[in-house]
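Everything in the sequence shown is counted per my numbering, starting at 13 for the first residue and increasing by one.
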Amino acid sequence: MSRNKKDFYDVLGVSRSASEDDIKKAYRKLALQYHPDRNPGNKESEEKFKEITEAYEVIGDPDKRARYDQFGHDAFMGGAGGGFGGGFGGVDLEEALRTFMGAFGGGGGGGGGIFDSFFGGGFDDRGRGGAVPGSDIRYDLEIEFEEAAFGGAREIEIPKLCECSSCGGEGAEPGTKRVTCKSCGGRGQVSSSAGFINILRTCGKCGGIGSVIQNPCKKCRGEGRIHLKKKISVKVPAGVETGSRLRITGAGEDGARGGHAGDLYVVIHVKAHELFERHGDDILCEMPVSFATAALGGSVDVPTLEGMTALKIPEGTQSGKIFRLKSKGIANIKGYGRGDQLVRVALETPMNLSAEQKQLLAKFAELSGEKHHPICRSFLEKAKKWFGPK
Ligand SMILES: [Zn+2]
Ligand SMILES: [Zn+2]
Numbered sequence: 013m014s015r016n017k018k019d020f021y022d023v024l025g026v027s028r029s030a031s032e033d034d035i036k037k038a039y040r041k042l043a044l045q046y047h048p049d050r051n052p053g054n055k056e057s058e059e060k061f062k063e064i065t066e067a068y069e070v071i072g073d074p075d076k077r078a079r080y081d082q083f084g085h086d087a088f089m090g091g092a093g094g095g096f097g098g099g100f101g102g103v104d105l106e107e108a109l110r111t112f113m114g115a116f117g118g119g120g121g122g123g124g125g126i127f128d129s130f131f132g133g134g135f136d137d138r139g140r141g142g143a144v145p146g147s148d149i150r151y152d153l154e155i156e157f158e159e160a161a162f163g164g165a166r167e168i169e170i171p172k173l174c175e176c177s178s179c180g181g182e183g184a185e186p187g188t189k190r191v192t193c194k195s196c197g198g199r200g201q202v203s204s205s206a207g208f209i210n211i212l213r214t215c216g217k218c219g220g221i222g223s224v225i226q227n228p229c230k231k232c233r234g235e236g237r238i239h240l241k242k243k244i245s246v247k248v249p250a251g252v253e254t255g256s257r258l259r260i261t262g263a264g265e266d267g268a269r270g271g272h273a274g275d276l277y278v279v280i281h282v283k284a285h286e287l288f289e290r291h292g293d294d295i296l297c298e299m300p301v302s303f304a305t306a307a308l309g310g311s312v313d314v315p316t317l318e319g320m321t322a323l324k325i326p327e328g329t330q331s332g333k334i335f336r337l338k339s340k341g342i343a344n345i346k347g348y349g350r351g352d353q354l355v356r357v358a359l360e361t362p363m364n365l366s367a368e369q370k371q372l373l374a375k376f377a378e379l380s381g382e383k384h385h386p387i388c389r390s391f392l393e394k395a396k397k398w399f400g401p402k
């Protein structure tokens, strides 16, 4: 479900580098616009209001924003809490309103973020056995327009925590073993008494594992993992667009002491193209055509993603006319063939005319009656009708 979730920055219409203040302003503006009080009974704006409030709850908070920047929506998934998406689905309008009031009520009010319960738990689930799972990693990859159209392979290098090759992720110097924690006697928990109440706490010495490393691995200082740069090849499927996320299972940070590795999320950013504009799977290209060619008809060379191709311009082609080149667009990401290329004619008025050219054009104008300019004529007729007879 998080896959289809809209990017929180997009929801608020701010850039990823927006300041805290900008985000607040953007939210305030949208919130006022979609506030249920202003749109009574309007389901759509109610949904929109929830959406922007949800986005602001995260990226309006520096800590949550940092987490979101790194992991996207997945920062709030998984773990014992039942997940972020499901959690928010249950938030009703009243709660969203409360949040709204909190955000504007001078900062004081705000009865605890809806999100608090979704954070915290589940993220760092150091298990009983001391296994530490690897974190997910987000990597932003910029690709060329053509790579998005046809797909390709990329090798990326990412800095991440990798399993220490010396101790195999255990953290103990090779040849040595962990020893029972003296502090808790191997139970992983210690009790302390306050009055007549006994409180059990996780042992601080061993972190609840029950054993400690006596001789830490020299290479990783007992952490079991070290920072390395790892090369990973990424297959970019044809048809991706800016914001597409590729998940590479297990390519995130390695776990320690038997913990599983995290996943790598590659977020695609497609560079703009000088000639083509993307519209879904179609691409649009503006094609300058000379006045004479448009009037007399002819052929022009049109750039496509695969090179130049000839396009027939019929006699009397108007500026703005769109020609469609079938299946010359971008491959559909789900494999439903390719989009088309649209070629929009942009008439170029001749410039820097010589005296002779000017003469000929003047002569041309003299010979041209209304019959040769039906669009001008019908426009004038409409205009006359509008103002009435003089
Ligand atoms: Zn080591
Ligand atoms: Zn202990």
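Virtual Cβ for every residue (Gly too), placed ideally from N, Cα, C. Nothing here was measured: the structure is a model prediction, and the numbers come from that model.
Worksheet item: What do you reckon, is the C-beta of S195 under 7 Å from a heavy atom of ligand 2?
Response: Here residue 195 is taken as the residue at index 183 of the sequence shown, counted from 1. Flag set: Cβ of S195 near ligand 2.
Practice prompt. Run the CB neighbour count on T65, radius 10 Å, all protein chains shown included, and call it buried at 16 or more, exposed below.
Written response: The residue you call residue 65 lines up with position 53 of the sequence shown. Classification for T65: buried.
Worksheet item: Under a Cβ-count criterion, where at least 16 other Cβ atoms within 10 Å of its own Cβ denotes burial, should S147 be classed as buried or exposed?
Response: In the sequence shown, the residue the question calls residue 147 occupies position 135. By the neighbour-count rule (16 or more Cβ atoms within 10 Å), S147 is buried.
Worksheet item: Which value, in whole angstroms, describes the spacing of the CA atoms of R110 and K62?
Response: Within the sequence shown, the letter at position 98 stands for residue 110. Within the sequence shown, the letter at position 50 stands for residue 62. In this predicted model, R110 has a pLDDT of only 43, less than 50, meaning its place in the structure is not dependable enough to derive any value.
Worksheet item: Can you pull every residue whose C-beta falls closer than 5 Å to some heavy atom of ligand 1, listed in chain order?
Response: C176, S178, C179, C229, K231 and C232
Worksheet entry | CB-CB length for D293 against R356, believed under 8 Å | On the sequence shown, residue 293 is found 281 positions in, with the first residue counted as 1. On the sequence shown, residue 356 is found 344 positions in, with the first residue counted as 1. Incorrect: roughly 17 Å between the Cβ atoms, too far for contact.
Worksheet entry | Beta-carbon gap between I342 and R257 smaller than 8 Å | Residue numbering aside, residue 342 sits at position 330 when the sequence shown is read from its first letter. Residue numbering aside, residue 257 sits at position 245 when the sequence shown is read from its first letter. For I342 and R257, no; Cβs fall outside 8 Å.
Item to complete: Express the C-alpha separation of Q45 and D352 in angstroms, rounding to a whole number.
Response: Within the sequence shown, residue 352 is the residue found at index 340, counting from 1. Within the sequence shown, residue 45 is the residue found at index 33, counting from 1. Distance between the alpha carbons of D352 and Q45 is about 37 Å.
Practice prompt. Kindly confirm or deny that the region 260-267 and the region 147-164 touch, where touching means at least three C-beta pairs closer than 8 Å.
Written response: yes
Worksheet item: Is the beta carbon of C174 sitting closer than 8 Å to the one on K231?
Response: Locating residue 174 in the sequence shown gives position 162, where the first residue counts as 1. Locating residue 231 in the sequence shown gives position 219, where the first residue counts as 1. Their beta carbons are not under 8 Å apart, which means C174 does not touch K231 by this criterion.
Worksheet item: What residue range is occupied by the uninterrupted alpha helix (DSSP H) comprising T305?
Response: Residue 305 sits at position 293 when you count from the first residue of the sequence shown. Per DSSP, T305 belongs to the alpha helix (DSSP H) from F303 to L308.
Fill in: Any non-hydrogen atom of ligand 2 closer than 7 Å to K217 Cβ
Translated into positions along the sequence shown, residue 217 becomes position 205. Under cutoff, so the answer is yes.
Worksheet entry | Secondary structure, beta strand (DSSP E): runs of 3+ residues fully inside the region 299-355 | 310-316, 319-325 and 334-337
Worksheet item: Thinking C-alpha only, which one of K283, Y39 and K396 is nearest E159?
Response: For this step, residue 159 is matched to residue 147 along the sequence shown. Out of K283, Y39 and K396, K283 has the C-alpha closest to the C-alpha of E159.
Discussion item. As a quick exercise: from A304, S177 and I155, pick the residue whose alpha carbon is nearest that of V248.
Written reply: Here residue 248 corresponds to residue number 236 of the sequence shown, with the count starting at 1. Of the candidates A304, S177 and I155, the one whose C-alpha sits nearest the C-alpha of V248 is I155.
Discussion item. Please give me, in chain order, every unbroken run of the alpha helix (DSSP H) with length at least 4 that falls completely inside the region 15-69.
Written reply: 20-24 and 32-46
Worksheet entry | Bridge partners - F288, DSSP secondary structure assignment | Numbered from 1 along the sequence shown, position 276 holds the residue referred to as residue 288. Partner(s): C297.
Discussion item. For S245, report the span of its beta strand (DSSP E) as first-last.
Written reply: For this step, residue 245 is matched to residue 233 along the sequence shown. From DSSP, the beta strand (DSSP E) with S245 extends over R237 to V248.
Worksheet item: DSSP beta-bridge partners for S223?
Response: In the sequence shown, counting from the first residue as 1, residue 223 sits at position 211. Answer by DSSP bridge pairing, in chain order: T192.
Worksheet item: Based on the DSSP output, what are the partners of P228 in its beta bridges?
Response: If you number the sequence shown from 1, residue 228 lands on position 216. Looking at the DSSP assignment, P228 forms a beta bridge with A184.
Worksheet item: Alpha carbon to alpha carbon, how far is P326 from F391?
Response: As a working note, residue 326 is residue 314 in the sequence shown. As a working note, residue 391 is residue 379 in the sequence shown. Their Cα atoms are separated by approximately 23 Å.
Practice prompt. Would you kindly report the start and end of the unbroken beta strand (DSSP E) that includes R79?
Written response: Counting from one through the sequence shown, the residue named residue 79 turns up at place 67. From DSSP, R79 is part of no beta strand (DSSP E) but of the alpha helix (DSSP H) over P74 to F83.
Practice prompt. Take every Cβ of the region 200-213, pair it with every Cβ of the region 270-280, and state whether three or more of those distances are shorter than 8 Å.
Written response: no
Discussion item. Once the 5 residues before and after E169 are set aside, which same chain residues still bring their CB inside 8 Å of it?
Written reply: One-based indexing of the sequence shown puts residue 169 at position 157. Excluding positions up to five away in sequence, the list reads K241, K242, K243 and I244.
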